Amino acid sequence: MPRTHTLLVAFLAAALFIAMSPVAAFAQDPTYISNSQCKICHNKKDEGEQWNIWKAEKHSKAFELLSTDEAKAVATKAGLTTPPAESPECLTCHVTSFDTATGKAAEKIKMADGVQCESCHGPGSEHAALGKKFKSGDKTVNPADKMPHPGESACVKCHNDKSPTWKTDRYTLADGTTVGFDYAQAWEKIKHNKPAKN
Numbered sequence: 017m018p019r020t021h022t023l024l025v026a027f028l029a030a031a032l033f034i035a036m037s038p039v040a041a042f043a044q045d046p047t048y049i050s051n052s053q054c055k056i057c058h059n060k061k062d063e064g065e066q067w068n069i070w071k072a073e074k075h076s077k078a079f080e081l082l083s084t085d086e087a088k089a090v091a092t093k094a095g096l097t098t099p100p101a102e103s104p105e106c107l108t109c110h111v112t113s114f115d116t117a118t119g120k121a122a123e124k125i126k127m128a129d130g131v132q133c134e135s136c137h138g139p140g141s142e143h144a145a146l147g148k149k150f151k152s153g154d155k156t157v158n159p160a161d162k163m164p165h166p167g168e169s170a171c172v173k174c175h176n177d178k179s180p181t182w183k184t185d186r187y188t189l190a191d192g193t194t195v196g197f198d199y200a201q202a203w204e205k206i207k208h209n210k211p212a213k214n
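Here our numbering = 1-based position in the sequence shown + 16.
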C-alpha cells in the first residue's frame, strides 16, 4: 500500500473514532460567570428583577459583613487568629465558590460581592449560553434546563449549627417551637421567583 494511502486510511480511522466518541468526553464542566452576567437578564421587571432583589438583601453583603466589629468579635470567640475577611473558615460561606485549598474564589467571582446567585444555583456558564441562544431566536432551547432551583439543602450548607452565629431560637414555627433555621421563613426574606406569564 502506498505511503500516502496508508496515511489517508489512518487519518480517516482517527476521524471516525473521534466522530463516534461520546460528545460528553469533550464537554466541559460549567464554570462560574459572576452575578454581573446574571444581571444582564435577571434585573428586568418582566423577569422578576431577581438580581435587584439579591442586591438589596443580606447575601450580597456577606463579605462586607466580615469586616465589621461584630464579625471580628465572633472570629475571636471562635479562636480564629486571622481577620474574618481573610479566614477560610468564614470565607467558605461568605463568598461564592471560595476554595479553601487555593484560598481563592473562582476566577470571575469578586469576593466583595459576597454570596451571589451561583452560590445557590451553581455555576451559570451553561445557563447563560442557552440564554444567549434563546434570546437570539432559538426557541428550541430552554435556559432553565441548566439552572437548578435549589431548596433547603443549598441553604443548610451554611445555615447550620456549625456556624459560629447559629442561634437555636432564630425562627419560631407555627406551633410556637423555635428552631435555628426554617426554610419557609428564610425563603420569604429572599424570594425571587420569575413571574408567571399571562
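Note that the Cβ used here is the ideal one computed from N, Cα and C, for glycine as well.
Given the structure is predicted, the values throughout are model-derived calculations rather than measurements.
Alpha carbon of residue i to alpha carbon of residue j, nearest angstrom
i: D154; j: E142; result: 15 Å
i: A144; j: I206; result: 22 Å
i: A48; j: F79; result: Per the sequence shown, the amino acid found at residue 48 is Tyr instead of Ala. Taking the straight line from one Cα to the other gives about 18 Å.
i: A160; j: T84; result: 37 Å
i: M127; j: C106; result: 12 Å
i: A122; j: P180; result: 25 Å
i: L146; j: H208; result: 21 Å
As assigned by DSSP and simplified to three states, the class of residue i
i: K61; result: helix
i: E204; result: helix
i: T92; result: helix
i: T14; result: What is shown of the chain runs 17 to 214, which leaves residue 14 out entirely.
i: T188; result: strand
i: N176; result: coil
i: E134; result: helix
i: A212; result: coil
i: H75; result: helix
Residue i - partner residues in DSSP beta bridges
i: D217; result: Residue 217 lies beyond the residue range present for the chain, which begins at 17 and ends at 214; the question has no answer from this structure.
CB-CB length for residue i against residue j, believed under 8 Å
i: C136; j: P166; result: 5 Å
Cβ contact check for the segment 113 to 122 and the segment 89 to 97: 3 or more pairs under 8 Å: At 8 Å Cβ cutoff, the stretches do not touch.
Is it a yes or a no for the segment 48 to 58 touching the segment 132 to 146, going by three-plus beta-carbon pairs under 8 Å? Put simply, the segment 48 to 58 touches the segment 132 to 146. At least three CB pairs are less than 8 Å apart.
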